[in-house]
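Down below is the structure, laid out as structure tokens.
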Amino acid sequence: MNAEVTVKRETYAGLFAIALATLMFEILLTRIFSVTMWYHFAFMATSVAMFGMTLGAVLVYLLPNYFTKERAKFHLASTSLLFAISIVISFLAHINIPFVPSLAIQGIASITLTYLVISIPFLFSGICICLALTKFPHQVSKLYAYDLAGASLGCILLVYIIGITDGPTAVIIVAFLASIGAILFASDAASKKLIQIALISTVLLGSFAVINTIFVNQQSPLLRLMWVKGKFESAPIYEKWNSFSRITVSEDRDPEHPFVWGFSPVVPFKDKIEERVLKIDASAATVITKFDGNFGKLEYLKYDITNLAHYLRKDAKVLAIGSGGGRDILSALLFGQKSVLGVEINHDIINAITKKFGDFTGHLDKNPKVTFVADEARSYIARSPDKFDLIQVSLIDTWAATASGAFVLSENSLYTIEGWKVFLEHLTDKGILTLSRWYVGNNPGEMYRLTALATASLKKLGIENTRDRIIIVRRMFGGNENEATGVGTMLVSKQPFSKQDLDTLQKVAKQMQFEIALSPQFAIDNNFKTIADGKKLDEFVAKFPLNISPPTDDSPFFFNMLRLRDAFNPKVWYEEAWSSNLKAVVILGALLIIVVLLTFLCIIVPLLLSTKKAILKDALPLSLFFAGIGLGFMLVEISQMQRLIVFLGHPTYGLSVVLFSLLLSSGLGSYSTQKVSTKGMISAATLRLFLLLFILYVFGKFTPHAIALFEDAITTVRILVATGILLPLGFFMGMAFPLGMQIASKKSTELTPWLWGINGATSVCASVLAVAIAINSSISASFWTGFACYVMAVIAFVWASRDKGVIEKI
Numbered sequence: 002m003n004a005e006v007t008v009k010r011e012t013y014a015g016l017f018a019i020a021l022a023t024l025m026f027e028i029l030l031t032r033i034f035s036v037t038m039w040y041h042f043a044f045m046a047t048s049v050a051m052f053g054m055t056l057g058a059v060l061v062y063l064l065p066n067y068f069t070k071e072r073a074k075f076h077l078a079s080t081s082l083l084f085a086i087s088i089v090i091s092f093l094a095h096i097n098i099p100f101v102p103s104l105a106i107q108g109i110a111s112i113t114l115t116y117l118v119i120s121i122p123f124l125f126s127g128i129c130i131c132l133a134l135t136k137f138p139h140q141v142s143k144l145y146a147y148d149l150a151g152a153s154l155g156c157i158l159l160v161y162i163i164g165i166t167d168g169p170t171a172v173i174i175v176a177f178l179a180s181i182g183a184i185l186f187a188s189d190a191a192s193k194k195l196i197q198i199a200l201i202s203t204v205l206l207g208s209f210a211v212i213n214t215i216f217v218n219q220q221s222p223l224l225r226l227m228w229v230k231g232k233f234e235s236a237p238i239y240e241k242w243n244s245f246s247r248i249t250v251s252e253d254r255d256p257e258h259p260f261v262w263g264f265s266p267v268v269p270f271k272d273k274i275e276e277r278v279l280k281i282d283a284s285a286a287t288v289i290t291k292f293d294g295n296f297g298k299l300e301y302l303k304y305d306i307t308n309l310a311h312y313l314r315k316d317a318k319v320l321a322i323g324s325g326g327g328r329d330i331l332s333a334l335l336f337g338q339k340s341v342l343g344v345e346i347n348h349d350i351i352n353a354i355t356k357k358f359g360d361f362t363g364h365l366d367k368n369p370k371v372t373f374v375a376d377e378a379r380s381y382i383a384r385s386p387d388k389f390d391l392i393q394v395s396l397i398d399t400w401a402a403t404a405s406g407a408f409v410l411s412e413n414s415l416y417t418i419e420g421w422k423v424f425l426e427h428l429t430d431k432g433i434l435t436l437s438r439w440y441v442g443n444n445p446g447e448m449y450r451l452t453a454l455a456t457a458s459l460k461k462l463g464i465e466n467t468r469d470r471i472i473i474v475r476r477m478f479g480g481n482e483n484e485a486t487g488v489g490t491m492l493v494s495k496q497p498f499s500k501q502d503l504d505t506l507q508k509v510a511k512q513m514q515f516e517i518a519l520s521p522q523f524a525i526d527n528n529f530k531t532i533a534d535g536k537k538l539d540e541f542v543a544k545f546p547l548n549i550s551p552p553t554d555d556s557p558f559f560f561n562m563l564r565l566r567d568a569f570n571p572k573v574w575y576e577e578a579w580s581s582n583l584k585a586v587v588i589l590g591a592l593l594i595i596v597v598l599l600t601f602l603c604i605i606v607p608l609l610l611s612t613k614k615a616i617l618k619d620a621l622p623l624s625l626f627f628a629g630i631g632l633g634f635m636l637v638e639i640s641q642m643q644r645l646i647v648f649l650g651h652p653t654y655g656l657s658v659v660l661f662s663l664l665l666s667s668g669l670g671s672y673s674t675q676k677v678s679t680k681g682m683i684s685a686a687t688l689r690l691f692l693l694l695f696i697l698y699v700f701g702k703f704t705p706h707a708i709a710l711f712e713d714a715i716t717t718v719r720i721l722v723a724t725g726i727l728l729p730l731g732f733f734m735g736m737a738f739p740l741g742m743q744i745a746s747k748k749s750t751e752l753t754p755w756l757w758g759i760n761g762a763t764s765v766c767a768s769v770l771a772v773a774i775a776i777n778s779s780i781s782a783s784f785w786t787g788f789a790c791y792v793m794a795v796i797a798f799v800w801a802s803r804d805k806g807v808i809e810k811i
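First residue of the sequence shown: 2, per this note's numbering; consecutive thereafter.
Below is the structure:
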């Protein structure tokens with residue numbers, strides 16, 4: 002009896018546990034990388050994972066005399082145990098080595114070293130999963146189903162685990178789960194020694210996770226991050242992790258120098274101002290201001306340029322998007338506004354300012370004029386029947402990666418034409434949408450793009466005369482005109498600004514020493530004038546050095562203005578604002594090159610050197626098939642992650658719904674291929690693959706319409722819609738791999754690790770390529786590129802199935 006026939010339930014359960022731990026660790030790394038490095042490095046976690054796993058599969062192929070079928074169960078147990086142990090070791094190495102975020106040789110070396118160190122656990126995971134899926138070809142459909150089912154549960158489980166503890170402890174818990182997988186594999190292998198080692202590892206890891214979680218909840222963890230963004234971080238007074246952020250609160254700021262970026266130079270800081278700094282992923286910052294009910298101590302907030310709109314609309318109903326530490330809430334109360342609604346996507350931030358630091362903030366949530374809502378602002382406003390006099394967005398950005406940052410980089414549904422259409426429609430007749438962003442140098446690319454977005458959004462509402470509805474005021478700091486940095490505040494209204502509005506604006510600007518950059522009568526430069534007029538907007542945007550085109554839901558990358566073709570053009574770097582977001586695109590280009598080179602050197606070259614030419618020649622159609630489904634799956638998966646995160650409106654939902662639905666349904670699809678009998682296998686497999694192409698085409702054509710139809714539905718309905726459209730897609734996508742593997746095993750068992758390696762190598766490249774295509778073109782372009790890859794795969798499958806050697810064995 003062949004070994005594959007004797008696979009027991011422990012092997013299936015072990016594979017389930019290892020796949021679960023692998024995906025949990027991959028997603029967890031996006032959180033860790035966003036804190037220890039920068040948000041634009043977070044997406045490399047996917048390519049790191051795929052690279053390590055593929056390299057593991059290549060080792061299985063290169064060492065056939067070592068990784069034999071007879072010893073497969075022993076190697077499953079040993080490599081899964083090494084996976085668990087190496088998770089802890091590689092993580093400890095990462096958090097204790099300062100990261101150098103630069104494009105110099107030292108910086109590139111730092112990126113490459115991080116890539117290699119973190120990929121080691123995935124190397125062992127890759128060996129384990131490759132052995133399970135290639136050494137038991139008769140059970141591959143069921144095994145692959147367990148693999149995908151474990152991965153699908155992992156993306157859900159992590160959401161809850163990281164909410165209970167913190168990131169570093171979650172890493173230990175992932176290693177604990179991997180150790181359980183090792184116990185299960187060792188039980189099937191009947192290796193008492195491995196069972197004992199795995200049990201000891203499981204007990205130690207589990208005990209530490211429990212103990213450290215207790216200390217985490219007491220704000221004194223035994224294991225914590227110390228090097229963040231290349232700098233040593235002192236222990237904060239409060240720290241809380243969730244699936245899409247890590248927030249910390251530090252001690253009081255210097256009372257003589259509060260958070261002053263947007264303040265007038267004449268602001269009277271007479272009283273002691275007590276503030277604490279709340280940071281998201283050690284970079285995006287907001288302040289928590291002490292408030293004892295005395296508004297006299299808050300008079301300085303009237304000199305903040307972000308609050309300019311309050312001078313134009315009195316007794317207003319205010320909505321503050323991204324309420325953060327509560328400054329916008331306090332400002333609305335200071336100006337005597339009728340009410341203020343703070344919508345904050347991060348429930349842990351609301352809990353911090355209303356509960357943990359409630360006494361410090363004066364319990365703003367108990368003020369009868371104040372309401373806090375933990376929700377994504379755009380979807381909340383779309384569902385709301387209310388209209389507002391002021392909608393305020395102050396310096397909201399995504400420099401901290403979401404849990405799905407590995408897949409989406411920094412999309413933001415707040416800065417798209419469709420999003421602004423929702424905001425403008427929820428303004429009263431004289432309502433104002435006010436946004437504040439960084440204003441950099443003499444070429445403020447971000448403010449230009451914001452102006453283009455305002456113009457396009459007003460036109461979307463049928464308004465042709467856009468110029469008299471847009472105002473920009475700036476507050477600059479130091480340096481010459483080209484180097485000065487400051488804050489710009491934009492005011493957008495559906496109705497033309499009145500003479501009284503403009504007179505008030507002039508008076509306040511003069512008093513505060515702010516500068517008007519754009520108004521119905523004035524423009525500080527011709528760029529603002531041309532964009533705000535909107536008559537030749539498309540032509541102007543196409544010729545502009547940066548990408549300042551108004552973002553849409555299909556291309557929601559507001560913060561990334563550097564076109565990929567200009568990623569390595571120093572002239573663009575230094576002529577324009579060289580911000581972290583521009584660096585992100587350069588890093589994307591550099592990472593794409595690094596990934597391709599490492600994949601070629603570590604995967605393709607060894608495969609080419611060690612494989613017989615005759616086998617390679619005969620394997621061409623199957624190689625194309627597995628390359629096609631490797632590219633196609635990742636391109637489709639990541640594009641839908643990007644698209645549906647905007648639709649679902651919350652990074653946690655985007656992560657869990659998309660990954661869970663696709664992976665679970667793919668597992669069911671794989672499981673269903675067990676019913677494809679040997680007799681007539683080729684025709685049945687071909688039919689299923691053509692059905693996959695049909696489902697992909699229908700999905701690509703009708704998903705945008707479904708999203709538009711349900712964008713204002715409640716969250717539960719949107720989740721059901723997203724799940725409903727993903728399930729059939731994942732079901733048929735999950736069939737491709739086991740069907741191809743069955744054909745490959747009929748041709749030659751030597752081929753299966755090679756084909757696994759090709760599939761993994763193309764997936765590694767696609768994980769970065771998908772982001773590059775979406776940023777440079779659109780999410781739709783990324784999806785249809787994936788569709789084209791599947792077309793290539795189906796053609797290759799038909800080609801391979803006509804091989805005489807295969808037909809004779811069926």
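Every residue gets a Cβ at the ideal spot worked out from N, C-alpha and C, and that includes glycine. Here the structure is a predicted model, which means the values were calculated and not measured.
Within this structure, are the beta carbons of residue i and residue j separated by less than 8 Å?
| i | j | result |
| --- | --- | --- |
| Val795 | Leu694 | yes |
| Cys156 | Leu309 | no |
| Val141 | Leu149 | no |
| Ile397 | Leu415 | yes |
| Asp316 | Gln393 | no |
| Phe691 | Ile726 | no |
| Leu77 | Gly168 | no |
| Arg475 | Val423 | no |
| Leu519 | Thr452 | yes |
| Leu563 | Ala801 | no |
| Ser437 | Val488 | yes |
Taking the alpha carbon of residue i as the point to measure from, which residue in the options has its own alpha carbon closest?
| i | options | result |
| --- | --- | --- |
| Phe264 | Leu124, Val718, Ser142 and Val509 | Val509 |
| Asn218 | Ile198, Gln197 and Lys241 | Lys241 |
| Ala190 | Lys70, Phe125 and Ser284 | Lys70 |
| Gly53 | Ile86, Asn66, Gly127 and Ala20 | Gly127 |
| Lys367 | Leu334, Gly57 and Leu82 | Leu334 |
| Gln512 | Glu638, Leu632 and Val268 | Val268 |
When you compare only the Cα positions, how much space is there between residue i and residue j?
| i | j | result |
| --- | --- | --- |
| Val606 | Leu625 | 17 Å |
| Glu829 | Leu299 | Because the chain in this structure spans residues 2 to 811, residue 829 falls outside the shown range and cannot be described. |
| Thr214 | Gln220 | 10 Å |
| Val792 | Thr55 | 23 Å |
| Asp469 | Ile532 | 12 Å |
| Phe558 | Tyr161 | 29 Å |
| Trp755 | Ser188 | 29 Å |
| Arg384 | Ile471 | 26 Å |
| Ala762 | Ser684 | 28 Å |
DSSP three-state label for residue i, please.
| i | result |
| --- | --- |
| Val278 | strand |
| Tyr239 | strand |
| Leu593 | helix |
| Leu434 | strand |
| Gly155 | helix |
| Val371 | strand |
| Phe478 | strand |
| Ala191 | coil |
| Thr490 | strand |
| Val267 | coil |
| Ala285 | strand |
| Arg247 | strand |
| Gly420 | helix |
| Tyr440 | strand |
Under 8 Å by Cβ, that's how I've got residue i and residue j pegged, so tell me the actual separation to the nearest angstrom.
| i | j | result |
| --- | --- | --- |
| Ala179 | Phe84 | 5 Å |
| Tyr99 | Gly231 | Note that residue 99 is Pro in the sequence shown here, rather than Tyr. That belief holds up - the Cβ atoms of Pro99 and Gly231 are roughly 5 Å apart, short of 8 Å. |
| Ala118 | Ala146 | Correcting the residue identity first, residue 118 is Val in this sequence and not Ala. With 8 Å as the limit, Val118 and Ala146 do not qualify as a contact, their Cβ atoms being about 32 Å apart. |
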